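A short write-up of the structure that comes next.
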Amino acid sequence: MEQALLDEIPSLDLADFTSGDPERKAKFVQEIGKAFNNIGFVAIKNHGLTEELRVKLYDAVQKFFYQPDELKKKYEFPELAGQRGYVGKGKETAKGHSRPDLKEFYHVGQPAPEGDMYKNIFPAEVPEFETYTSEVYKTFENTGKTLLSAIALYLDLPEDYFEAKVKNGDSILRALHYFPIENPDALPEGAVRAAAHGDINLITLLMGASAEGLEVLRLDGKWIPVTALPDQIIINVGDMLDRLTNHKLKSTIHRVVNPPREKMKTSRFSIPFFMHARPETDLTCLDSCIDVNNPRRYENMTAGEFLDERLRELGLKK
578 MEQALLDEIP SLDLADFTSG DPERKAKFVQ EIGKAFNNIG FVAIKNHGLT
628 EELRVKLYDA VQKFFYQPDE LKKKYEFPEL AGQRGYVGKG KETAKGHSRP
678 DLKEFYHVGQ PAPEGDMYKN IFPAEVPEFE TYTSEVYKTF ENTGKTLLSA
728 IALYLDLPED YFEAKVKNGD SILRALHYFP IENPDALPEG AVRAAAHGDI
778 NLITLLMGAS AEGLEVLRLD GKWIPVTALP DQIIINVGDM LDRLTNHKLK
828 STIHRVVNPP REKMKTSRFS IPFFMHARPE TDLTCLDSCI DVNNPRRYEN
878 MTAGEFLDER LRELGLKK
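Residue numbers (our numbering): 578 to 895.
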């Protein structure tokens, strides 16, 4: 079946899935599945994040990133492979690219880590950073579980199929600062805020950024801009879900382009939540997603093995 070329990502209402109305729920399941089968991205409203919390989070994040680099580096621990705390400028290079992304970021993981999980590191100088990142983490983890329930139903799996796989998983809230480009003429050729890439995880939940710049690669190779409305968040398929579904649900390549020259000296902030499976989760392609027209594409791996491989490719792990 030929797939439509979309000029914008589809918009859905999560309240349809949680309404208790079987018809609305079933319609949501088919629509999110169709979107993920096509462009891999969807905009969702009624996602559980209040505007008040979003604003407070961004205020705290900006306050941290506007601190001097020397202070921020106190919270950088290379031995953690970028999985907790601060990661400085020029440290992450997208898979297949030679220039580091023009960004710095801060990672927050499970508020109550289990077993060998890394503990969170928070900046003492901005105490509200811990408060609001932790609250948004819990909010988005719950929203992510609800979305994965819908995805499970679309794949004809039990509704709770992903529940045990993501419980206390390695999910990450990433506070991102695309720093000002003070001298555009000195920018190395090919250096961009975020080079074209796919996300590592199962699904990503992204609240509206502080500026435009996100673009998604359509099936025909055309880049289309993505902007969330004030009451929406963006959801996209990550590589782990792509592997599990043998590319039925598509991890779509996306990027953050540099702003127009007149805006290069401005910051851009963005806060995605990367929903990960537990490390032992088997990502072997589902039998139901393999057939003559779509033979098995991927070797068998666990979520932990795949994450380790990708962290090395990104230059965050040696």
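Note that beta-carbon positions come from the ideal geometry of N, C-alpha and C, so glycine has one too. Fair warning: this is a prediction, and the values are worked out from it, not measured in the lab.
Asked                                                                                                    : Found
Complete alpha helix (DSSP H) runs within the stretch 707-747 (minimum length 4 residues, chain order)   : 740-743
Secondary structure of residue 751, DSSP reduced to three states                                         : strand
Local conformation of residue 643 per DSSP, three classes                                                : coil
C-beta atoms of residue 654 and residue 850 nearer than 8 Å                                              : no
Secondary structure of residue 662, DSSP reduced to three states                                         : strand
Distance between residue 628 and residue 785 (C-alpha atoms, nearest Å)                                  : 10 Å
Same chain, Cβ closer than 6 Å to residue 710, five either side skipped, listed in chain order           : 685, 750
Contact under 8 Å by Cβ, residue 663 with residue 846                                                    : no
Local conformation of residue 590 per DSSP, three classes                                                : strand
Residue of 833, 769, 818, 753 minimising C-alpha distance to residue 743                                 : 818
8 Å Cβ cutoff met for residue 827 and residue 617                                                        : yes
Exposure label - residue 687; buried when at least 16 CB within 10 Å                                     : buried
Simplified DSSP state of residue 875, which is helix, strand or coil                                     : coil
DSSP state of residue 675 mapped onto helix, strand, coil                                                : coil
Same chain, Cβ closer than 6 Å to residue 791, neighbours up to 5 away in sequence not counted           : 803, 833
Test item: CB-CB of residue 683 and residue 752 under 8 Å                                                : yes
Between the CA atoms of residue 732 and residue 642 - distance to the nearest angstrom                   : 41 Å
Through-space distance from residue 797 to residue 756, alpha-carbon basis                               : 31 Å
Residues near residue 842 by beta carbon distance below 8 Å, same chain, minus five either side          : 757, 758, 759
Stretch-stretch touch, CB-based, cutoff 8 Å, three pairs: the stretch 587-604 with the stretch 619-626   : yes
Cα-Cα separation, residue 561 to residue 885                                                             : Coverage of the chain is limited to positions 578 through 895, which leaves residue 561 absent and any answer about it impossible.
Residue 596, DSSP secondary structure in three states                                                    : coil
Continuous alpha helix (DSSP H) stretch holding residue 818: start and end                               : 816-821
Touching by the beta-carbon criterion (3+ pairs, under 8 Å), the stretch 604-618 and the stretch 644-651 : no
Inter-stretch contact (C-beta, 8 Å, three-pair minimum) for the stretch 804-812 and the stretch 868-882  : no
8 Å CB neighbourhood of residue 670 in its chain, flanking five on each side removed                     : 676, 677, 678, 772, 891, 892
Cβ neighbour criterion (16 or more within 10 Å) applied to residue 880                                   : buried
For residue 630, the nearest candidate out of 667, 668, 705 (CA to CA)                                   : 705
Sub-8 Å separation of residue 657 and residue 810 beta-carbons                                           : no
C-alpha distance - residue 741 paired with residue 649, whole-angstrom precision                         : 36 Å
Residues near residue 602 in its chain [Cβ-Cβ closer than 6 Å; skip 5 each side]                         : 594
Residue 806 in three-state terms, based on DSSP                                                          : coil
Whether residue 624 touches residue 720 by CB criterion (8 Å)                                            : yes
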